[in-house]
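Following: one structure in structure tokens, then a few remarks.
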Amino acid sequence: PVVKRAVAQHDKVPHPVGFVSPPLLCPGRIRHFKI
Amino acid sequence: VPAAPVAPLGCDDPESEAAAYAAVNYINSHSHHGYKFALNRIENIRVLPQGPNNNIIFLEVDLLETRCPVLSPTPLENCTVRSFTEHAVEGDCDIKLQKLDGKITVLATKCHSHADSSEDVVQLCPDCPLLTSLNNTEVTTAVTAALSAHNSKATDAYLRLLEIGRAKIQYEPVHVVYVEFAVAATNCSAEEAKENVEACQLLPDDQSNFGFCTASMITRPKEDLQVDCQLYGHQVPTPNTPFFPEYSNLLI
Numbered sequence: 001p002v003v004k005r006a007v008a009q010h011d012k013v014p015h016p017v018g019f020v021s022p023p024l025l026c027p028g029r030i031r032h033f034k035i
Numbered sequence: 036v037p038a039a040p041v042a043p044l045g046c047d048d049p050e051s052e053a054a055a056y057a058a059v060n061y062i063n064s065h066s067h068h069g070y071k072f073a074l075n076r077i078e079n080i081r082v083l084p085q086g087p088n089n090n091i092i093f094l095e096v097d098l099l100e101t102r103c104p105v106l107s108p109t110p111l112e113n114c115t116v117r118s119f120t121e122h123a124v125e126g127d128c129d130i131k132l133q134k135l136d137g138k139i140t141v142l143a144t145k146c147h148s149h150a151d152s153s154e155d156v157v158q159l160c161p162d163c164p165l166l167t168s169l170n171n172t173e174v175t176t177a178v179t180a181a182l183s184a185h186n187s188k189a190t191d192a193y194l195r196l197l198e199i200g201r202a203k204i205q206y207e208p209v210h211v212v213y214v215e216f217a218v219a220a221t222n223c224s225a226e227e228a229k230e231n232v233e234a235c236q237l238l239p240d241d242q243s244n245f246g247f248c249t250a251s252m253i254t255r256p257k258e259d260l261q262v263d264c265q266l267y268g269h270q271v272p273t274p275n276t277p278f279f280p281e282y283s284n285l286l287i
């Protein structure tokens with residue numbers, strides 16, 4: 001018989017030490033002022 | 036083997052800035068009216084690889100208007116960005132570029148500009164003059180009076196109006212109209228113009244001499260008119276200061 005198995009709640013894979021998520025790439029810096 | 040995915044570019048990466056400066060130079064050198072714009076912020080950048088050393092780049096940038104008219108030979112880096120209290124004008128541009136073997140080429144641009152809201156300016160500076168429509172009658176009256184006053188005192192060429200670039204009106208404590216307008220020298224001296232102004236035509240392309248005037252006209256409590264015109268001298272068209280043929284027969 002085909003039985004549907006509940007998928008075990010996967011635990012978050014810890015980021016390896018030293019991994020820095022990419023900084024917010026855009027929008028860039030403001031050179032004068034923002035209207 | 037598919038091309039290796041291109042690492043996403045940051046908006047402040049040197050490659051993004053190089054593309055943005057190429058785009059801003061292109062926009063300024065192809066703009067036929069108003070003022071030069073300076074880069075204020077790179078909003079977004081997307082790179083589509085087309086093959087080895089061949090990328091299409093889509094760029095979104097925020098620009099700010101400077102005080103330099105598009106016909107001014109002043110290099111952009113020496114053009115002051117209008118301050119917030121001068122009633123700044125912002126430009127939003129979408130640009131498509133190609134970077135092929137390290138050379139950046141602008142393929143297309145789409146821009147629109149808008150002035151900052153008057154409420155923002157008044158909030159910070161209650162008495163600052165605010166931008167007004169260029170065909171406001173007080174504006175056209177001030178431009179006509181200022182150009183006429185300059186030509187009546189001029190000892191060199193008679194100047195004709197090319198376009199009104201900017202106008203502001205201050206209501207308190209006195210009523211003042213501030214105008215800025217582009218002019219061009221004609222083939223008449225100011226003296227000759229008094230005889231027959233219809234004969235005064237803009238100089239041909241190879242002798243063109245553009246300039247710029249700023250003026251302020253107080254109407255109340257008493258009349259007072261200040262005008263200052265500067266001619267740039269003949270400029271050989273370059274990628275930064277192309278000559279605009281439609282000006283040669285443009286008389287507003």
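Protein chains in written order, with this note's numbering: chain A, 1 to 35; chain B, 36 to 287.
Every residue gets a Cβ at the ideal spot worked out from N, C-alpha and C, and that includes glycine.
Listed by position along chain A, the residues whose Cβ is nearer than 9 Å to that of residue 116 (chain B) are 31, 32, 33. Here the alpha carbon of residue 170 (chain B) sits roughly 11 Å from the alpha carbon of residue 200 (chain B). Here residue 191 (chain B) is exposed: its Cβ has fewer than 16 other Cβ atoms, across all protein chains shown, within 10 Å. With a beta-carbon spacing of about 5 Å, residue 214 (chain B) and residue 177 (chain B) fall inside the 8 Å limit used to define contacts. In the DSSP assignment, residue 176 (chain B) falls outside any beta strand (DSSP E) and lies within the alpha helix (DSSP H) extending over 172-188. For residue 206 (chain B), the three-state secondary structure derived from DSSP is coil. Contact of residue 123 (chain B) with chain A is assigned, a C-beta pair being separated by under 9 Å. For residue 159 (chain B), the secondary structure class from DSSP, reduced to helix, strand or coil, is helix. The C-alpha of residue 193 (chain B) lies about 26 Å from the C-alpha of residue 71 (chain B). When the beta-carbon positions are compared, residue 145 (chain B) and residue 50 (chain B) stay at least 9 Å from each other. For residue 131 (chain B), there is no enclosing alpha helix (DSSP H); the residue is found in the beta strand (DSSP E) stretching over 124-135. Per the coordinates, the alpha-carbon of residue 28 (chain A) lies some 29 Å from the alpha-carbon of residue 108 (chain B).
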